[in-house]
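A.B. asks: Before anything else, here's the structure in question.
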Amino acid sequence: MDGLNRSSLWLTALVAVSLGSVDLYAQESTVYASVVSTKLFVVGAANPQTGLFSLRSSGDTTWQHTGPHNIRAFGMAVHTPSRGRLVCIASGNGVHKTTDAGTTWKITTGWEITEVLWVSIDPRTPEVMFCATPYGVYRTINGGTTWEEKTKGVQQRFTSSVVIDHSNSSTIYCSTEDGVYRSNDGAETWFRTGLNVGGVRVVVQHPKNADVLLAGTDDHGIYITRNGGKYWEKTEAGLDHSTFYSIAFDPQNPQTLYAGGYVTGVYKSTDGGVSWRRTNSGLTNLNIHSIAVDPTNGDRVFAGTQWGGVFRSDDGGSTWRSAGLSGSQVWAITVQPF
Amino acid sequence: MRNSAVILLTVLFLVPSVEARAQPSFEQRRQRLIEVVAGERDRSFFTVTAKLVTGKDKEFAIQMLDSLTTDQSIGGMFYSYAAIGSYLRLRDQLPDSLKAKMRNSFRERTMYRGDTENHWVMYYTGLYLAAQTWPNEGRSQWYNGKSSDENFREAEEWLNLWFKTSSTIGQGEFDSPTYFITFITPVLTLYEFASDPVMKRRAQMMADLLFADFAVEHLNGNYCGGHSRDYPEDIMNPLSAPAALWAWLYFGEPQFELWQETRYRPRHRGGWETVFGAMSSYRLPEIIYSIATDRSTPYVHTETKRVRNIIRFGLEKNPPVYKYTYMTRHYALGSLQGGILQPIQQHTWDVTFASDKPYNTIFTLHPFYSGKELAMFFPEEQKFLSDEVDRYHKIYTNPNKWNSSSPFEQTFQHKNTILVLYNIDKGITHPHIDGFFPKNLDERSIDPSGWIFCRMGATYVAFYSLRPYEWIEEEINWRWRSFELMNCIVVEVGSSDEEGPFEQFKRNLQARSPALTGGGRNPTIEYTTRSGDHMKFTFNGPRLLNGKPVNFAEYKFFNGPYLHSERKSGVVTMTYKNHVRELDFDKATIKEWQKLQ
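Just so you know, the protein sequences line up as chains D and Z, in that order.
For the first sequence, the positions run 1 to 338 when this note's numbering is used.
For the second sequence, the positions run 1 to 597 when this note's numbering is used.
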């Protein structure tokens, strides 16, 4: 893992220097997947096949495990500018953090923070991080040395995702049991956006247009806002399902999105989320919990399933094949350009 | 106790100097248990420790301990407290290489903290004692990247929070015949090995509280009444529950050695956790022993507990649980108020017979399950939770399960009578109600009056179903089943002490039956007990006893002749005859005194 990072770092640096653009990363990238549990899970017993795994995107299905096993790893965050030296895992035990690409780890949280479902790192100021828990949002401004509960204004605290606005780090969104909330002051105070349906499972932001966000919900489908959460509209064209746990933009072509959830398989939109079509050829597990698009190659898409491991597509979702971690419950997945 | 009319004896002193004398046979029982466990072959920290303490199979035990230390199949929370407990008990006789291995395990193996109260008690007990044992070590020396000092402080903080919560609003995983071991064993380990005298005292007080809580609902080894969590085999056969072995050790009941009968042999994770108690220097205060074993006078005991943390679909994190238990020397009748108080393993009400026979209980339930119920308590996706839970509990979605919470079940108990009202929504997957009637009852008859009369020993049970039902014969029991969405069960319990002959008990009931006096969405049932008390009960509505509303808000933390505590006071008072013991969790003090009669 560390060796791979070093080599990719050199390659990335070389390309970046010679071409002068961070958009022109090498074709190689790294896939990270966090595994909550496997089919072998027994309550109370250790389950070594869980935690954070990584894979070279051009490689086979051999995933490398890094960090602690047996922690019920839900979300994770990879700090892209550090090229994966800074990574956090959101787990039952709290927020685990490495600053040396996985050589050493520390749980940054205490007993107060548990069953962490999501963690976000501010890419510009990585000392600022947020985590989402059943008890609300917590924030650190010192890299995890201390965490503070930040739930003022939130009614139902169960929170499943947090988004730091890429155009303004003071603007934060979170998905909760009673809608999508927004903060304009770095999570000091929250107000509910125009979306107040129950059971919002995930909120994602357009990679270029910060005002556009999508939200996936339990039983209420997918909603889209084009004005930073003021108004939301339900996007239904082509959608035959109602529970969505994951929505992913193609970073290079944000008009293309993928979405998945409970028995949905993968849906794809090529018009910015206005309409959708199912694209499941080869997908043998239709319970999708996580989707990510390779930022270096938009045709390369990864989907994490419930107890079915990871599937990948190399043709923009037209066909899928198993990509390993068979039997795993893959809560989150991301592809990093290094 | 605080009544001015009560004159306090001048003997008032602070414990820890109070060490109640050992019960006459306790010393023999604990030695016996250690010897028995030392002869066991099952692989656990408990058998290993017993072997090495007694010097039995020493070489084999060392090998077993070595293999346990590297066994990744043991969950972190189960490993941590048991491993450190064994280490601290045995360190003077372990080879240095094994001691180093055990220490390294706290660096190299991930200790998952778990997601339930019992997991956290085990986890933080282990972490506390490990950090105390290996102080001043840096972050690289611990599995979680925290220093000894950081780990010690975190564990100490949480344990103190747990003591406070448990002594003011109660445990979430309360009164569990199965999970009792996962609280008392780490607490006694903490008591035994904590260096800080305050922590040691708090652990002693917590052990007192756990035992006293058990004692007031204890009958001949059985943990009676409603339970937050219990396994079906333990619900059907209460003496097979792990708590029974603790009752045998500390209360001296039942009066036979449970492990001699296969059906009562400990089985949960090796099941010999009790040997940590037998090896502990903790001694049960005599007053708790007396409370546990004196059933000369029937009594009502009520208490409040709390619902396990509700993380969604609820407005309150820990709503109160109201428990009502009626104890006699022949039987106990106990209940929770009903509804969803705990996912998966709730046991809402039962009759327990003080019999040495197995399957000494009768109860009913609605076998409810839903992803939403689980999602109230677990953070995973509600659509998958039922399947996930069934992967390890196996029976969650089973229509024949013997443990369940249900939003469609509510109870109203007054002394030895209980009304259990079912009001099941249409469209529910398992739209039936089940009742457990053991086949080994001495008598079971269906009376023309509609009552089902049962007898086990000196205990009589009368069971009335408002609506039709059927019987299904199973291996050890008759399954009473009703497919009526709305039904009411009336159960009256008595004994030869109160009723005289069984026939007299029957005659007293034959002319009685409950009446449905209000229909619609929330039915109302009225019933007059054989003692002449009028009970009126509306589903999701009031419970009226002789016209007066039962106000759960007035329930104390503990209230009964033996145990008293105001909710959130942190002060628990035990009383037995003229003997009083007071635990003040805020001040971390134990006081004992005697009242003048």
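C-beta: ideal position from N, C-alpha, C; glycine also.
List the residues of chain Z that Q156 (chain D) touches, going by C-beta distances under 8 Å, in chain order.
C.D. replies: In chain order: R312.
A.B. asks: Along the beta strand (DSSP E) that carries D350 (chain Z), what are the first and last residues, could you check?
C.D. replies: In the DSSP annotation of this structure, the continuous segment of the beta strand (DSSP E) that includes D350 (chain Z) starts and ends at W349 to F353.
A.B. asks: Give the DSSP-derived three-state secondary structure of Y191 (chain Z) in the structure shown.
C.D. replies: helix
A.B. asks: Would you mind working out which of Z:D434, Z:F384 and Z:W402 sits nearest K39 (chain D), comparing C-alpha positions?
C.D. replies: Taking only the C-alpha atoms, the option nearest K39 (chain D) is Z:F384.
A.B. asks: Is K383 (chain Z) close to chain D? Criterion is C-beta to C-beta, closer than 7 Å.
C.D. replies: yes
A.B. asks: Please list the terminal residues of the continuous beta strand (DSSP E) segment that includes P242 (chain Z).
C.D. replies: Per DSSP, P242 (chain Z) belongs to no beta strand (DSSP E); it is in the alpha helix (DSSP H), P242 to F251.
A.B. asks: Does any C-beta atom of chain D lie closer than 7 Å to the C-beta of E154 (chain Z)?
C.D. replies: yes
A.B. asks: For S116 (chain Z), name the three-state secondary structure that DSSP assigns.
C.D. replies: According to the sequence shown, residue 116 (chain Z) is Thr rather than Ser. DSSP places T116 (chain Z) in coil when its eight states are reduced to three.
A.B. asks: Pull out every residue of the region 61 to 75 of chain D whose Cβ sits closer than 8 Å to any Cβ of chain Z, in chain order.
C.D. replies: P68, H69, N70, I71, R72 and F74
A.B. asks: Would a C-beta distance cut-off of 7 Å place C224 (chain Z) and T352 (chain Z) closer than the cut-off?
C.D. replies: yes
A.B. asks: Apart from the five residues on each side of it in sequence, which residues of its chain come closer than 6 Å, Cβ to Cβ, to E470 (chain Z)?
C.D. replies: Around E470 (chain Z): R481.
A.B. asks: Are the Cβ atoms of E173 (chain Z) and N136 (chain Z) separated by less than 7 Å?
C.D. replies: Taking 7 Å as the cut-off, the Cβ atoms of E173 (chain Z) and N136 (chain Z) do not count as close.
A.B. asks: Bridge partners for A339 (chain D) per DSSP, in chain order?
C.D. replies: Lying before the first or after the last residue shown, residue 339 (chain D) is absent from chain D, which here runs from 1 to 338.
A.B. asks: Where does the unbroken alpha helix (DSSP H) through R89 (chain Z) begin, and where does it stop?
C.D. replies: G76 to L90
A.B. asks: Examine chain Z for any beta-carbon lying closer than 7 Å to the beta-carbon of Y262 (chain D), and answer yes or no.
C.D. replies: Yes, contact with chain Z.
A.B. asks: Could you please tell me which residues of the region 81 to 101 of chain D, in chain order, have their CB closer than 7 Å to any CB of chain Z?
C.D. replies: G92 and N93
A.B. asks: Quick one: is Q255 (chain D) near chain Z, going by C-beta distance under 7 Å?
C.D. replies: no
A.B. asks: What are the uninterrupted segments assigned as beta strand (DSSP E) that are 3 or more residues long and contained completely in the region 422 to 498 of chain Z, given in chain order?
C.D. replies: 433 to 438, 443 to 446, 451 to 456, 459 to 465, 470 to 473, 477 to 482 and 486 to 495
A.B. asks: Skipping 5 residues on each side, what residues in its chain have a beta carbon closer than 8 Å to that of F191 (chain D)?
C.D. replies: If we look at F191 (chain D) and ignore the five residues flanking it on each side, its Cβ neighbours are G153, Y181, R182 and S183.
A.B. asks: Which residue comes first and which comes last in the beta strand (DSSP E) that contains I288 (chain Z)?
C.D. replies: Taken as a continuous stretch (DSSP letters only), I288 (chain Z) belongs to no beta strand (DSSP E), being part of the alpha helix (DSSP H) at E286 to T293.
A.B. asks: In terms of residue numbering, what span does the beta strand (DSSP E) encompassing A73 (chain D) cover?
C.D. replies: A73 to V78
A.B. asks: Out of D:N209, D:A215, D:V200 and D:G273, point me to the one whose CA is closest to F313 (chain Z)'s CA.
C.D. replies: D:V200
A.B. asks: What would DSSP say about Q594 (chain Z), mapped onto helix, strand or coil?
C.D. replies: The answer is strand: DSSP assigns Q594 (chain Z) an E or B state.
A.B. asks: Taking only three categories from DSSP, how would you classify W259 (chain Z)?
C.D. replies: helix
A.B. asks: Who are the near neighbours of G144 (chain D) in its chain, counting only those whose CB is closer than 6 Å to its CB and skipping five residues on each side?
C.D. replies: K97 and T108
A.B. asks: Under 7 Å, do D362 (chain Z) and F483 (chain Z) count as touching if we go by C-beta distance?
C.D. replies: In the sequence on display, residue 362 (chain Z) carries Ile and not Asp. Result no, Cβ atoms of I362 (chain Z) and F483 (chain Z) do not sit closer than 7 Å.
A.B. asks: What did DSSP end up calling V301 (chain D) once you bin it into helix, strand or coil?
C.D. replies: strand
A.B. asks: Let me check understanding here. Comparing Cα to Cα, which of Z:K587, Z:K595, Z:L596 and Z:Q594 lies closest to R202 (chain Z)?
C.D. replies: Z:K587
A.B. asks: How far does the beta strand (DSSP E) with A90 (chain D) in it reach, from first residue to last?
C.D. replies: V87 to S91
A.B. asks: Give the straight-line distance between the Cα atoms of S318 (chain D) and G228 (chain D), rounded to the nearest whole angstrom.
C.D. replies: So the alpha carbons of these two residues sit roughly 31 Å apart.
A.B. asks: I want to verify the contact list: residues of chain D whose CB lies under 8 Å from the CB of G126 (chain Z), in sequence order.
C.D. replies: What G126 (chain Z) touches in chain D: nothing, since even the nearest Cβ is about 13 Å away.
A.B. asks: Counting only beta-carbon separations shorter than 7 Å, does W105 (chain D) have a partner in chain Z?
C.D. replies: yes
A.B. asks: Under 9 Å Cβ-Cβ, which residues of chain D neighbour N144 (chain Z)?
C.D. replies: P68, N93, G94, H96, W105, K106 and I107
A.B. asks: So which of Z:G570, Z:N540 and Z:V36 has the shortest CA-CA distance to L249 (chain Z)?
C.D. replies: Checking every option, the nearest Cα to that of L249 (chain Z) belongs to Z:V36.
A.B. asks: Determine which residues of the region 62 to 85 of chain Z have a Cβ less than 9 Å from any Cβ of chain D, and write them out in chain order.
C.D. replies: D71, Q72, S73, I74, G75, G76, M77, F78 and Y79
A.B. asks: Is it buried or exposed, K268 (chain D), if we count other Cβ atoms within 10 angstroms and call 16 or more buried?
C.D. replies: Counting Cβ neighbours within 10 Å, K268 (chain D) comes out buried, since at least 16 surround it.
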